[in-house]
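Colleague: Counting from 19, one number per residue, gives the positions in the sequence shown under the numbering used here. Note that CB positions come from ideal geometry on N, CA and C, so glycine has one too. On a predicted model such as this, the values are computed, not experimentally measured, just so you know.
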Amino acid sequence: MSGELAAALYAATQTPLDAPLQIIAADARLRDALITKVPLWEDRGWIGIANAPLWQQLVNRLRQRIAVTTIKPAHEEHEKALIKKAKERAQQALLLNNVTTLAEQPSGPFTVSGVKLAALTQSLAYKGIRAKKDAPIRRGRDRNLRDIQEHFKTTYNTRLSEQDIWKGVRHVDIRNQIKDFLWKTLHNAHRCGSFWLNIPGYEERARCSWCGQTESIEHILTECTAPGQMTIWNMTRSLWENKGLRWQSPSTSEILGLGCRKWSYNDKKQNHGATRLWRILISESAFLIWKLRCERVIGHEEEERWAHSSNELRSRWASTMNQRLHLDAATTHPRFGRKALRRDIYADTWHDAVVDNRALYTHRSREGVLVGIPSAGYELDPG
Ligand SMILES: [Zn+2]
Numbered sequence: 019m020s021g022e023l024a025a026a027l028y029a030a031t032q033t034p035l036d037a038p039l040q041i042i043a044a045d046a047r048l049r050d051a052l053i054t055k056v057p058l059w060e061d062r063g064w065i066g067i068a069n070a071p072l073w074q075q076l077v078n079r080l081r082q083r084i085a086v087t088t089i090k091p092a093h094e095e096h097e098k099a100l101i102k103k104a105k106e107r108a109q110q111a112l113l114l115n116n117v118t119t120l121a122e123q124p125s126g127p128f129t130v131s132g133v134k135l136a137a138l139t140q141s142l143a144y145k146g147i148r149a150k151k152d153a154p155i156r157r158g159r160d161r162n163l164r165d166i167q168e169h170f171k172t173t174y175n176t177r178l179s180e181q182d183i184w185k186g187v188r189h190v191d192i193r194n195q196i197k198d199f200l201w202k203t204l205h206n207a208h209r210c211g212s213f214w215l216n217i218p219g220y221e222e223r224a225r226c227s228w229c230g231q232t233e234s235i236e237h238i239l240t241e242c243t244a245p246g247q248m249t250i251w252n253m254t255r256s257l258w259e260n261k262g263l264r265w266q267s268p269s270t271s272e273i274l275g276l277g278c279r280k281w282s283y284n285d286k287k288q289n290h291g292a293t294r295l296w297r298i299l300i301s302e303s304a305f306l307i308w309k310l311r312c313e314r315v316i317g318h319e320e321e322e323r324w325a326h327s328s329n330e331l332r333s334r335w336a337s338t339m340n341q342r343l344h345l346d347a348a349t350t351h352p353r354f355g356r357k358a359l360r361r362d363i364y365a366d367t368w369h370d371a372v373v374d375n376r377a378l379y380t381h382r383s384r385e386g387v388l389v390g391i392p393s394a395g396y397e398l399d400p401g
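#1: Could you round the C-beta distance between Leu163 and Ile183 to whole angstroms and report it? I think they count as a contact, below 8 Å.
#2: What do you reckon, is the C-beta of Trp324 under 7 Å from a heavy atom of ligand 1?
#3: Compare the beta carbon distance of Ser301 and Thr254 with 8 Å and say whether it is the shorter of the two.
#4: Would you mind working out which of Glu313, Pro245 and Glu168 sits nearest Ser269, comparing C-alpha positions?
#5: One question on the structure: do Thr402 and Arg360 come within less than 8 Å of each other, judged by their Cβ atoms?
#6: Have a look at the DSSP bridge pairing and note the partners of Thr88.
#7: Could you tell me the alpha carbon to alpha carbon distance between Ile53 and Arg79, rounded to whole angstroms?
#8: Using the Cα positions of Ala43 and His344, report the straight-line distance between them to the nearest angstrom.
#9: For the alpha helix (DSSP H) that contains Pro57, what are its first and last residues?
#10: Identify the continuous alpha helix (DSSP H) that holds Thr338 and give its terminal residues.
#11: Can you tell me which of the three DSSP states Val117 falls into?
#12: Looking at Ala358 and Thr367, is the spacing between their C-beta atoms short of 8 Å?
#13: What's the gap between the Cα of Arg311 and the Cα of Gly317?
#14: In three-state terms, what does DSSP make of Arg255?
#15: Over the uninterrupted alpha helix (DSSP H) stretch that includes Gly262, give me the two end residues.
#16: Do Ala25 and Ile101 count as a contact pair if the criterion is CB distance below 8 Å?
#17: Along the chain, where does the alpha helix (DSSP H) that runs through Arg79 open and close?
#18: Can you tell me where the alpha helix (DSSP H) holding Ile183 begins and where it ends?
#19: For Arg49 and Ile84, what's the separation of their Cα atoms in angstroms?
#20: With a threshold of 8 Å on Cβ separation, who are the neighbours of Thr232 within its own chain once the five nearest residues in sequence on each side are excluded?
#21: Just the Cα atoms here: how many angstroms apart are Gln32 and Gln40?
#22: Between the segment 194 to 208 and the segment 288 to 299, do three or more beta carbon pairs fall short of 8 Å?
#23: Would you say His237 touches ligand 3, meaning its beta carbon is less than 7 Å from a heavy atom?
#24: Which residues does DSSP list as the beta-bridge partners of Gln247?
#25: Using only Cβ atoms and a threshold of 5 Å, which residues come within that distance of a heavy atom of ligand 1? Order them by chain position.
#26: Straight-line CA distance for Ala244 to Tyr28?
#27: In or out: His326 buried (at least 16 other Cβ within 10 Å) or exposed?
#28: What separation, rounded to the nearest whole angstrom, lies between the Cα atoms of Leu257 and Asp370?
#29: DSSP on Thr31, reduced to helix/strand/coil?
#30: Determine the direct distance from the alpha carbon of Arg342 to that of Asn375, and round the result to whole angstroms.
#31: Leaving aside the five residues before and after Asp165 along the sequence, list all residues of the same chain whose C-beta is less than 7 Å from its C-beta, in chain order.
#32: Report the CB separation of Leu178 from Gly275 in whole angstroms; it is logged as a contact under 8 Å.
#33: Among Tyr220, Leu263, Lys98 and Ile273, which has the Cα closest to the Cα of Glu236?
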């Protein structure tokens, strides 16, 4: 498609910004790419996209236009002939000049550079970091890794390598969206707290709008007094204790190390069901707390002291856990072949955490099984 892309760029450059432009393409691919793919590519910082400079220049030029631009697939013979001619002209332009002189350098306000954080997935970020030789050394990340190692050593007498921790946050039991959240947390890559201190005019955002303290992931997940974290952890605790296990309020290091945490029976044999449930419960709860905080702080920025109601918090947690349970149940289906979750592991994980254990063992009641939710008014100290 690069020939056609160059031709489109050539046409866009040759046409004044205030004159109508119709781009005729061989098929719908160019149009579809411009409409649906470019926003994704921009979000990803154009990492790994073929012909990225050409695309960027085309998009930039089209965005500057003030007259109508249309793109249509070629139907008539003469339209196909036009494309051939345009490709030749573009080719000549490319041969005579350098690709970048086909159009002027992208103009600032119309260009999105870098990677939008929301679109930063792990593998993409790895690629980006590898591609960028001068990536700054992430001091925050190193400190987080050290804190987790220290926590596991003093609390569980377990030595974790950095690789163990990275593997832990990518554990298959953690949903992809939450893997990204944990990965960003490990890199201090969230836009909260001290991130804003370096941005003139936005320093105020560094503080928690509810408590007035400097915000941090630690504050959000474990300390904030805004309705949210305490209720979510209380519900998590009650589910955990239903399983007959001892609760400990997770610290940030505990949350970030959740993929490495092993639970055992009294006889020291590993309790695989509990270990797996911990990964699920803690990851889902922590991520829900983060989402709730963003809804409150960003979604309701204009409403002073806006907060989720207790009922809303309870039902959000319940539906999150039920969805995760149903996802687990669905994954046991034989159609997933060797990738299917083993039914015994599934049942082991959720045994005593659901309303009726029998539902875990009947193949036909996947949707019928529900997480045991503490009754309303049931509150625990977050001890
Ligand atoms: Zn707070």
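Modeller: Straight from the coordinates:
#1: Walking along the sequence shown from the start, residue 163 turns up at place 145. Walking along the sequence shown from the start, residue 183 turns up at place 165. Leu163 to Ile183, Cβ: 6 Å. Contact.
#2: Translated into the one-based positions of the sequence shown, residue 324 becomes position 306. Trp324: no, Cβ never under 7 Å from ligand 1.
#3: Counting from one through the sequence shown, the residue named residue 301 turns up at place 283. Counting from one through the sequence shown, the residue named residue 254 turns up at place 236. Contact: no.
#4: Your numbering for residue 269 matches position 251 in the sequence shown. Ranking the options by Cα distance to Ser269, first place goes to Glu168.
#5: Beyond the ends of the chain as shown, which are 19 and 401, falls residue 402; an answer cannot be given.
#6: For the purposes of this step, residue 88 is taken as the residue at position 70 of the sequence shown. DSSP, once it has assigned bridges, lists Gln40 as partnering Thr88.
#7: Numbered from 1 along the sequence shown, position 35 holds the residue referred to as residue 53. Numbered from 1 along the sequence shown, position 61 holds the residue referred to as residue 79. Computed Cα separation, rounded: 15 Å.
#8: As a first step, residue 43 must be located in the sequence shown, where it is residue number 25. As a first step, residue 344 must be located in the sequence shown, where it is residue number 326. Roughly 45 Å between the two C-alpha positions.
#9: Residue 57 sits at position 39 when you count from the first residue of the sequence shown. Segment Val56 to Asp61, the alpha helix (DSSP H) holding Pro57.
#10: Reading the sequence shown from its first residue, position 320 is the one you call residue 338. Here the alpha helix (DSSP H) through Thr338 covers Ser328 to Thr349.
#11: Position 99 of the sequence shown, counted from the first residue, corresponds to residue 117. Low confidence applies to Val117: its pLDDT is 39, below 50, so where it sits in the model is not reliable enough to give any reading.
#12: Position 349 of the sequence shown, counted from the first residue, corresponds to residue 367. Position 340 of the sequence shown, counted from the first residue, corresponds to residue 358. Result no, Cβ atoms of Thr367 and Ala358 do not sit closer than 8 Å.
#13: Position 293 of the sequence shown, counted from the first residue, corresponds to residue 311. Position 299 of the sequence shown, counted from the first residue, corresponds to residue 317. Cα atoms of Arg311 and Gly317: separation of roughly 9 Å, rounded to the nearest angstrom.
#14: As a working note, residue 255 is residue 237 in the sequence shown. In the structure shown, Arg255 sits in a helix (DSSP, three-state: H, G or I).
#15: As a position in the sequence shown, residue 262 is number 244, starting the count at 1. Per DSSP, Gly262 lies in no alpha helix (DSSP H) segment and is marked neither H nor E.
#16: Residue numbering aside, residue 101 sits at position 83 when the sequence shown is read from its first letter. Residue numbering aside, residue 25 sits at position 7 when the sequence shown is read from its first letter. Going by C-beta atoms, Ile101 is nearer than 8 Å to Ala25.
#17: Here residue 79 refers to the residue found at position 61 of the sequence shown. From DSSP, the alpha helix (DSSP H) with Arg79 extends over Ala70 to Gln82.
#18: Here residue 183 refers to the residue found at position 165 of the sequence shown. Its alpha helix (DSSP H) spans residues Glu180 to Val187.
#19: Working through the sequence shown from its first residue, we reach residue 49 at position 31. Working through the sequence shown from its first residue, we reach residue 84 at position 66. Whole-angstrom Cα-Cα distance: 19 Å.
#20: Here residue 232 refers to the residue found at position 214 when the sequence shown is read from its first residue. Only Gly211, Ser212, Ala224, Arg225 and Cys226 meet the Cβ criterion.
#21: Sequence index remark: in the sequence shown, residue 32 carries index 14 (1-based). Sequence index remark: in the sequence shown, residue 40 carries index 22 (1-based). Roughly 12 Å separates the two Cα atoms.
#22: no
#23: This structure does not include ligand 3; its bound ligands are ligand 1.
#24: In the sequence shown, counting from the first residue as 1, residue 247 sits at position 229. DSSP lists no partner for Gln247.
#25: Cys226, Trp228, Cys229 and Cys242
#26: Taking the sequence shown and counting its residues from 1, the one referred to as residue 244 is at position 226. Taking the sequence shown and counting its residues from 1, the one referred to as residue 28 is at position 10. Distance between the alpha carbons of Ala244 and Tyr28: 55 Å.
#27: Start at 1 with the first residue of the sequence shown, and residue 326 comes out as number 308. With 16 or more other Cβ atoms within 10 Å, it is buried.
#28: As a first step, residue 257 must be located in the sequence shown, where it is residue number 239. As a first step, residue 370 must be located in the sequence shown, where it is residue number 352. Within the model, the alpha-carbon separation for Leu257 versus Asp370 is close to 8 Å.
#29: Against the sequence shown, residue 31 aligns to sequence position 13. DSSP places Thr31 in helix when its eight states are reduced to three.
#30: Sequence index remark: in the sequence shown, residue 375 carries index 357 (1-based). Sequence index remark: in the sequence shown, residue 342 carries index 324 (1-based). Their backbone Cα atoms lie some 16 Å apart in a straight line.
#31: Position 147 of the sequence shown, counting from 1, holds the residue named residue 165. Ser271, listed in sequence order.
#32: Counting from one through the sequence shown, the residue named residue 178 turns up at place 160. Counting from one through the sequence shown, the residue named residue 275 turns up at place 257. About 7 Å separates the two Cβ atoms, so the contact holds.
#33: Position 218 of the sequence shown, counted from the first residue, corresponds to residue 236. The shortest C-alpha separation from Glu236 is found at Ile273.
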